[in-house]
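Quick note on my numbering: the sequence shown kicks off at 161 and runs consecutively.
Just so you know, even glycine gets a beta-carbon here, dropped at the ideal spot from N, CA and C.
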Amino acid sequence: MVMMGLNGGRLVMPMADDMHTHLRQVELMDMVTLQIRKGGCNRVLVMPNTVPPIVTCSQALEYRNELLKRDPNVNYLMTLYLCREIDAEDIAKRAKESHVVGVKLYPRGVTTNSEAGVEDLTQYEDIFKVMEELGMSLHIHAEKPEAPTLHAEEMFLPIFEDLHSRFPKLKIVFEHISTAAAVKAIKGKPNVAASITAHHLRLTTEDVWTTEDVQRQMDSSDKSSVQPRIAQSHNFCKPIAKSAEDREALLQVVREGHPQQKKDSYPPAAGVFTQPFLLAYLADTFARAGCLDKLQSFACENAAAFFGLPKKELVEGEDCVVLEQTPCTIPNVICGAEGTSTDVVPFLAGHELGYTLKVVPFSRSLEARQ
């Protein structure tokens, strides 16, 4: 990463990886897919919780071809949805040619489009064995179904520990980690990594629920009966943002540099839209945390090292990310095509970030300009 002086400075880095993208379907897919490169990414891991879910390699390849029609300049890495319809032989024979690199585990009912998810992991041991042999990765939405919202991730940890002990060579990714307990559980474990979202590095529960409901959830002895009110639907994600202490644990991981329109309905669908400004969000957050020097490894290098992907480099004439230290105001809405219902409210809508993001062809002159 080229870092110019931070007073009016500039960061120049390769296009980033986003290893947790939801590119949806139909009109929303048309809009969201075109935001990937605008946010500074050109290699993404695509989540399979479409309707119906992606359960075969041929379905994954068909979906990938549809994405390529929208933007052929992105490398789409595909995943399958772990459920009863998934087949070990299909994975063994067709995963590579279909660009399928992993499988996503959704406990049934924990998040958007997870109704077909997993109830009993013992049914899938043949799948996990094939994945180990092929060097594929298992991506876990690590929340225990029907557990109290604030404790669902922590209560999933024994399940994760058991799975890792039985399949130690299986690459496991603890997706969108949100608690200090989960950070502690995965640190130091071989073949285990975690993804951290831009929004979990900034939000706490108070940014989602009403203040009184946060207190009620913390104080109630019967937490499962509490139904908190979502005050900020555009900050609502699964897993929900946790305490300031949990957020600080995530920020500390970042500082250490470890490699390892439904939104307005009620209850709103879980998800926070960061795609078109992703690297600007991250630069602003890393600067606030005092670890801007870790941004390139976080965004461009760690995932490649874990998954065995080609390392990103700055190449003359190829697109790169330029982050200028000038204010950028996030728009109140990202508009879809005229006549569609695909307008989306982005994360931190109306707020000002400290960095403006541009995607431009790299040239050595970018290193020389002050």
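- Looking at the DSSP output, E512 sits in a beta bridge with T489.
- Taking the C-beta atoms as reference points, K256 is found no nearer than 9 Å to Y241.
- Between A463 and the set E187, K331 and F320, the nearest pair of CA atoms involves K331.
- Under the 10 Å beta carbon count, S338 is surrounded by 16 or more other beta carbons and is classified as buried.
- DSSP places I287 in the uninterrupted alpha helix (DSSP H) bounded by E285 to L294.
- Across the set T486, L513, E512 and V493, the C-alpha of T486 shows the shortest separation from the C-alpha of G169.
- Ranked by Cα distance from L361, the options E473, R407 and T239 are led by R407.
- In this structure, the alpha-carbon of V482 lies about 5 Å from that of V172.
- Membership of K344 in the alpha helix (DSSP H) is indicated by the continuous run A340 to I346.
- In this structure, G262 lies away from L517, with their beta-carbon atoms at least 9 Å apart.
- Assigned with DSSP and collapsed to three states, F334 falls in strand.
- Excluding five sequence positions before and after S523, the CB atoms of its chain that fall closer than 8 Å to its own CB belong to E476 and G477, given in chain order.
- Remark: C-beta atoms of H359 and A302 do not approach each other more closely than 9 Å.
- By the Cβ-count criterion, T282 is exposed, with fewer than 16 other Cβ atoms from all chains shown falling within 10 Å of its own Cβ.
- If you look at A176, you'll find it isn't in any alpha helix (DSSP H); it sits in the beta strand (DSSP E) that goes A176 to T181.
- Excluding its 5 nearest sequence neighbours in each direction, E314 has C-beta neighbours in its own chain below 8 Å: T339, A341 and A342, listed in chain order.
- Spanning the alpha carbons of V333 and D247 requires a straight line of approximately 21 Å.
- For D479, the uninterrupted beta strand (DSSP E) run begins and ends at D479 to E484, by DSSP.
- In this structure, DSSP gives T365 a helical state, which the three-state scheme calls helix.
- If you compare the alpha carbons of Y236, F327, S258 and V368 with that of P350, the shortest gap goes to F327.
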